[in-house]
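Peer 1: A single structure is presented below for examination.
Residue numbers (my numbering): 1108 to 1331.
This is the structure we're talking about:
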């Protein structure tokens, strides 16, 4: 019997992309539940999500990706949880590959390894996360910051008790899962989303990532 699947999507000011993502996911028969967390958006993200999802959690102010994800995880009913970004558009349907890999294996978490995209940054954040994860687990990941990942619901108690910060959540949850005995692997998936380039917006985004990762690392060290 196929396990039930819950999809969780954190979103902040994604009115230009989220409709296509949600419409695509609504057509996927393998999805049982679709939850969107509107992380303090100032645009029409909430109104769009309300039309195309099973549940929308509206946060009164921007609280960061980690907090938004955890609010969504608290609501899931599925046996498998699939976390996706809001800007995947039609490629969101590729999430099925992560779910299938999980179902037909003894893995606990599968992380999407995305194709290379143009207009990417310098890779500093990625290399930083790779080294941090490797230093703590001995495992090397090509996509340590990927927000597209599927995991078994039984690991939610562990993840929900952790004090993750913003964009540091993916790096930290990978370390925590592996240290707790979970089996985590990557899977090549043809997701495409809005890339952060080498312009001012790209630098600002990566700056926020860097701060969040360092805050997360500081908090993680207290438990090592």
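Don't be surprised by glycine CBs; every beta carbon is placed ideally from N, CA and C.
Note that the structure is a prediction, hence the values are computed from the model and not measured.
May I have the straight-line CA-CA distance separating residue 1310 from residue 1130, to the nearest angstrom?
Peer 2: Reliability of the predicted coordinates at residue 1310 is poor, the pLDDT of 49 falling under 50, and no value is obtained from them.
Peer 1: Based on Cα-Cα distance, which residue from 1123, 1173, 1216 lies nearest to residue 1281?
Peer 2: 1216
Peer 1: Pairs of beta-carbons, one from the stretch 1140-1147 and one from the stretch 1201-1215, closer than 8 Å: are there three or more?
Peer 2: no
Peer 1: For the beta strand (DSSP E) containing residue 1117, list its first residue and its last residue.
Peer 2: 1112-1118
Peer 1: What first and last residue would you give for the beta strand (DSSP E) that runs through residue 1200?
Peer 2: Residue 1200 -> no beta strand (DSSP E), and no H or E assigned at all.
Peer 1: Just list the beta strand (DSSP E) runs in the stretch 1203-1264, keeping only unbroken ones of 3 residues or longer that don't cross its boundaries, in chain order.
Peer 2: 1216-1220, 1256-1259
Peer 1: Which partner residues of residue 1183 appear in the DSSP bridge assignment?
Peer 2: Answer by DSSP bridge pairing: none, since residue 1183 is not bridged.
Peer 1: In the DSSP assignment, what are the bridge partners of residue 1272?
Peer 2: In DSSP, residue 1272 forms no bridge with anything.
Peer 1: Report yes if the C-beta distance between residue 1246 and residue 1285 is below 8 Å; otherwise report no.
Peer 2: yes
Peer 1: To test your reading of the DSSP string, which unbroken beta strand (DSSP E) runs of 3 or more residues are found completely within the stretch 1119-1156?
Peer 2: 1140-1146
Peer 1: In three-state terms, what does DSSP make of residue 1332?
Peer 2: Nothing can be reported for residue 1332: it is not among the residues displayed for the chain, which extend from 1108 to 1331.
Peer 1: Under three-state DSSP, which class holds residue 1283?
Peer 2: In this structure, DSSP gives residue 1283 a helical state, which the three-state scheme calls helix.
Peer 1: Consult DSSP for residue 1191 and reduce its assignment to one of helix, strand or coil.
Peer 2: coil
Peer 1: Can you look up residue 1291 in the DSSP assignment and give me helix, strand or coil?
Peer 2: Residue 1291 carries a strand assignment under DSSP once its states are collapsed to helix, strand and coil.
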